[in-house]
Amino acid sequence: MSPDALATVLLSVLDAIADEKRPGEPLGATLADMTIERPRNRDHGDWATNAAMKFAKKLGTNPRELAQLIADQLGTVDGIASVEVAGPGFINIRLDAAAAGLLARSIVEAGDEYGRNDSQAGNSINLEFVSGNPTGPLHIGHTRWAALGDSMGRLLEASGATVAREYYVNDAGAQMDRFGASVLAAITGADAPEDGYKGAYIDELGRKVLAGRPGILDEADPQAAVRDAAYELQLAEIKESLGKFNVHFDVWFSERDLHAGDPSLIDQAVERLRDEGHVYDADDAVWVKTTDFGDDKDRVIRRGNGIYTYFAADAAYYLNKGDRGFQHKIYLLGADHHGYVHRLKALAGSAGDDPEKDIEVLIGQLVSVNGARLSKRAGNIIELDDLRDWIGTDALRYSLERFPADSPLSLDPELLQKRTNDNPVFYVQYAHARTHNVARNAADSGVTREHFQPELLEHETESALLGALQEFPRIVAFAAEIREPHRVARYLEELAGLYHRWYDNCRVTPKGDDEVETVHGTRLWLNDATGQVLRNGLALLGVSAPERM
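Under the working numbering, think of the first position of the sequence shown as 118, with each following residue one higher.
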């Protein structure tokens, strides 16, 4: 019996009790009010609820009395083995083996769909992350958001949301001119600009630009031509790096598009904010009154010389996301962007949106690497490509995703390259590979899933394993709701541990020359169900699920 099915039964029981105690006065509770959780101590049963404590006052009774009334009725429901009242009114529920064991077949039959839910159905979300400048290679700071952002998108989609993963390409402004001048200097052998970009990658770009367009120095504006050619090459490299890291974007939004046209999207954004009543003129500049929405000061959107500020581009970009149909915008920003939180929320309010509902700004903390290998091409940084080649995509992604984004993180490459249970990603992947090995051995021994008797799954390790498998859809929904992929990673580690303990205690194949029995085939269902959940969970993290290790 799933927690959702149990919640439905619990609601029905409460409604019946309410009708008996106060005829004509419905309880008014919904399924969303039914809290069903796994007890921390498995000895307390399969599920627990505080429903009696929640509704006792409304029903004119005390929690423990209501808990006993609920327990008496739940105890008559098929599939429930026992119900106990604990403490001030907690209810512990234990399922019978047959009811619990049916889950194994349900998971196998659901396949890749198991864990998917509709908790985010109807939400249209623009998820912007990474957005590294196209003036150089991606580095370790981008790597963390690449992994987390992509997994966040997978979780939201698995929970029913419509998600667009978006990369904002900062391809306008003075930085691009400095970039172009730096590559041009590399081509001509001139000294690099004092405030330009340095590193072997600039020389590489210069050689590639010249090889692709030998006459580029003879063009009317060679610096602009070199800038644009180098930009295309660098952006292509960024896309390739992310692709190898198993990260793909639906939209690559160019900042240049905000400046194009007459009026430009930025021009239009300023007027739209003015129409909302939040723009004013003062001190020969144009301001947005963001203090109305919690910002620490009003923001200049256009200087007295007529030049727009970066805030103007931010405003135009935010409005454009709404124009494209995204009701909710999530920004994943680096540790040095704390100042953007209030600014962007104030911008949402100025645009007529709800700053508490329509926009989220998540800040990630720094990542360090023990024994860091600095990039030979880009100088004093650790490149994504180098880090991925060194540690491996699976180990790197998993290690970045198993911690909250707002906690500083130090990676240990030596540990992450080990093929031992001390390495968390190996531990989980090995559990998945083991499920396939068990299935192969079962086939060789003549064990099939032809016969299934769920009541045979009665060993304590089977009960614990089934309880964890039951939780997966709720873990996915919760991780999506609070934007924390690490919840899935930690769940998978717990599941892997439960599976290994089950493996040590319950045989899927007969021992020696013993006959194949129904219990073996039934356990094969449980084995395969566990493999399916491990596989589905790893997919949400963008990590592979090898069949052999």
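Positions of the beta carbon are idealized from the N, C-alpha and C atoms, including for glycine.
Assigned secondary structure, residue i (DSSP; H/G/I helix, E/B strand, else coil)
| i | result |
| --- | --- |
| F296 | helix |
| K446 | strand |
| F370 | strand |
| Y314 | coil |
| S276 | coil |
| I153 | coil |
| N437 | helix |
| A198 | strand |
| Y427 | helix |
| Y284 | strand |
| F520 | coil |
| F207 | strand |
| N167 | coil |
| N243 | strand |
| L574 | coil |
| L651 | helix |
| L176 | coil |
| L658 | coil |
| L212 | strand |
| H365 | coil |
| H455 | coil |
| T510 | helix |
| H568 | coil |
| N540 | coil |
| P140 | coil |
| E632 | coil |
| E611 | helix |
| R111 | What the structure shows of the chain is the stretch from 118 to 666, and residue 111 is not part of that stretch, so it cannot be assessed. |
| R665 | coil |
| E336 | coil |
| S358 | helix |
| N250 | coil |
| N554 | helix |
| K462 | helix |
| R330 | coil |
| S223 | helix |
| G563 | coil |
Exposure label - residue i; buried when at least 16 CB within 10 Å
| i | result |
| --- | --- |
| H395 | buried |
| I424 | exposed |
| P251 | buried |
| A399 | exposed |
| R282 | buried |
| K414 | exposed |
| L220 | buried |
| R536 | exposed |
| T305 | exposed |
| Q546 | buried |
| T62 | Nothing about residue 62 can be read from this structure; the chain reaches only from 118 to 666. |
| T193 | exposed |
| Y284 | buried |
| Y427 | exposed |
| L131 | buried |
| M666 | exposed |
| A328 | exposed |
Integer Cβ distance of residue i from residue j, believed to fall under 8 Å
| i | j | result |
| --- | --- | --- |
| T626 | H617 | Between H617 and T626 the Cβ distance is about 17 Å, and since that is not below 8 Å, they are no contact. |
| S299 | G313 | 4 Å |
| N653 | Y231 | 6 Å |
| D163 | L212 | 5 Å |
| Y448 | V478 | 5 Å |
| P602 | L272 | 6 Å |
| Q482 | P530 | About 19 Å separates the two Cβ atoms, so there is no contact after all. |
| A275 | V593 | 6 Å |
Residues bridged to residue i (per DSSP)
| i | result |
| --- | --- |
| H256 | E500 |
| W404 | Y397, V417 |
| A527 | The sequence given here places Ser at residue 527; Ala does not occur at that position. Answer is S485. |
| I480 | L450 |
| L322 | Per DSSP, none; premise fails for L322. |
Check: residue i C-beta below 7 Å from any heavy atom of the ligand HEM
| i | result |
| --- | --- |
| A377 | In terms of ligand content, the structure shown is empty, and the ligand HEM therefore cannot be addressed. |
Task: Given 8 Å, three or more beta-carbon pairs between the segment 359-374 and the segment 383-394 - done: Touching, no, given that fewer than three Cβ pairs across the two stretches are closer than 8 Å.
TODO: Specify whether the segment 187-202 and the segment 240-250 touch according to this definition: at least 3 beta carbon pairs, one from each stretch, less than 8 Å apart.
DONE: Taking a cut-off of 8 Å on C-beta distances, the segment 187-202 does not touch the segment 240-250, as fewer than three cross pairs fall below it.
Task: Segment contact, 8 Å Cβ cut-off, at least three pairs: the segment 553-570 with the segment 130-143 - done: Touching, no.
Open item on the list: Tell me whether the segment 399-412 and the segment 453-468 touch, counting them as touching only if at least three CB pairs, one residue from each stretch, are closer than 8 Å.
Closed with: Cβ pair count under 8 Å is three or more, so yes.
Open item on the list: Under 8 Å: do the segment 570-581 and the segment 633-648 share three or more Cβ pairs, one atom per stretch?
Closed with: With contact defined as three or more Cβ pairs closer than 8 Å, the segment 570-581 and the segment 633-648 are in contact.
Task: the segment 321-338 touching the segment 505-514, judged by at least three CB pairs closer than 8 Å - done: Contact fails: fewer than three Cβ-Cβ distances are below 8 Å.
Task: At least 3 beta-carbon pairs within less than 8 Å: the segment 293-309 vs the segment 341-354 - done: By the Cβ rule, the segment 293-309 counts as touching the segment 341-354, because three or more pairs are nearer than 8 Å.
Open item on the list: When you compare the segment 578-586 with the segment 258-269, are there three or more beta-carbon pairs, one atom per stretch, that lie closer than 8 Å?
Closed with: Short answer: they don't touch.
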